[in-house]
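Peer 1:
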Amino acid sequence: MFKNLAAAVSFATMALTATLSWAENSPMLVDVLTLNEGKTYEDAQGYFDKVIPIIETHGIKRVRVLEVQNKMQGHPDVTPNIVQLWELEIADPFSGIFSDPNYLLHVPLRDSIFNMSQTQFWMTTDR
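When the letters of the sequence shown are read in order and numbered with mature numbering (1 follows the signal peptide of the UniProt record, and there is no 0), they come out as residues -23 to -1, 1 to 104.
Listed below in structure tokens is the structure:
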């Protein structure tokens, strides 16, 4: 059905964004994460428990976190495990997040859990 992972995730992004009617006019970020070998969803959740409160002080709110149950199609070298949906409350929350010393303390933990070279972000907007 889909030729590549980007097309599949793009389709999923549109479908998920369309279902979030309360966020109809807010830009959304789709965050697709791949775990490092040997890491689990529970490891990721432990990291999220530490950083989500910090991240949300910078104008971005996590709406939903989804665990990928089955890779149906996509690039053979990329197997995402987690998809997060975020609502952006300001245009650029990232400069604040990535300069926040409290967030930066957790970067080594993040990098030990997630394959950052396979991390993907999509910014969406309603049309």
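All residues carry an ideal CB built from backbone N, CA and C; glycine is no exception.
Name the DSSP beta bridge partners of residue 11, please?
Peer 2: Answer is none; residue 11 lacks a bridge partner.
Peer 1: In the structure shown, what three-state DSSP assignment does residue 86 receive?
Peer 2: Helix, per DSSP.
Peer 1: What alpha helix (DSSP H) runs, 4 residues minimum, are completely inside the region 2 to 80?
Peer 2: The region 2 to 80 contains these whole alpha helix (DSSP H) runs: 18 to 32, 71 to 74.
Peer 1: Considering only C-alpha positions, which residue in the set 54, 23, 17 is nearest to residue 94?
Peer 2: Of 54, 23, 17, the residue nearest in Cα terms is 54.
Peer 1: Where does residue 102 land, buried or exposed, given buried means 16+ other C-beta within 10 angstroms?
Peer 2: Flag for residue 102 reads exposed.
Peer 1: Relative to the C-alpha of residue 29, which residue among 3, 79, 48, 69 is closest?
Peer 2: Of the candidates 3, 79, 48, 69, the one whose C-alpha sits nearest the C-alpha of residue 29 is 79.
Peer 1: What residues are listed by DSSP as bridge partners for residue 100?
Peer 2: Paired residues: 6.
Peer 1: Under 8 angstroms, do residue 67 and residue 24 count as touching if we go by C-beta distance?
Peer 2: Not closer than 8 angstroms, so no.
Peer 1: How many angstroms separate the CA atom of residue 84 from the CA atom of residue 34?
Peer 2: Rounded to whole angstroms, residue 84 to residue 34 spans 17 angstroms at the Cα level.
Peer 1: Which one of 41, 15, 26 has the shortest CA to CA distance from residue 9?
Peer 2: Checking every option, the nearest Cα to that of residue 9 belongs to 41.
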